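Participant: Got a structure for you, questions after.
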Amino acid sequence: MQKFRDTSSSCDASSKRYVITNPPDDFQLLPTDQVFVLMQFDPGLEYKPNRGTRGKDDNS
Numbered sequence: 001m002q003k004f005r006d007t008s009s010s011c012d013a014s015s016k017r018y019v020i021t022n023p024p025d026d027f028q029l030l031p032t033d034q035v036f037v038l039m040q041f042d043p044g045l046e047y048k049p050n051r052g053t054r055g056k057d058d059n060s
């Protein structure tokens, strides 16, 4: 997650950001925060574009 170093609304507020890794569950987010999620990828897994989109009436 990236947060602005200075969150004051003054004209001379810094636009520099700092990084927080593994924040606590109750960490307060601000509208200016940037959150990045990294997910593990399994290259051996076959890609199925319609996975999980089967309708209720589809019996296949």
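Take the sequence shown: its position 59, counted from the start at 1, is 59 in full-length UniProt numbering, and no numbers get skipped.
We treat Cβ as the ideally placed atom computed from N, Cα and C, and that holds for glycine.
Small disclaimer: the values here were computed from a predicted structure and weren't measured.
Could you check whether the Cβ of residue 35 sits closer than 8 angstroms to any heavy atom belonging to the ligand FAD?
Facilitator: As far as ligands go, the structure on display features none, and thus does not contain the ligand FAD.
Participant: Check whether the Cβ atoms of residue 32 and residue 4 lie closer than 9 angstroms to each other.
Facilitator: In contact: residue 32 and residue 4 (Cβ atoms closer than 9 angstroms).
Participant: For residue 18, list the residues DSSP reports as bridge partners.
Facilitator: Residue 18 pairs with 3.
Participant: How is residue 40 classed by DSSP in three states: helix, strand or coil?
Facilitator: Three-state result, residue 40: coil.
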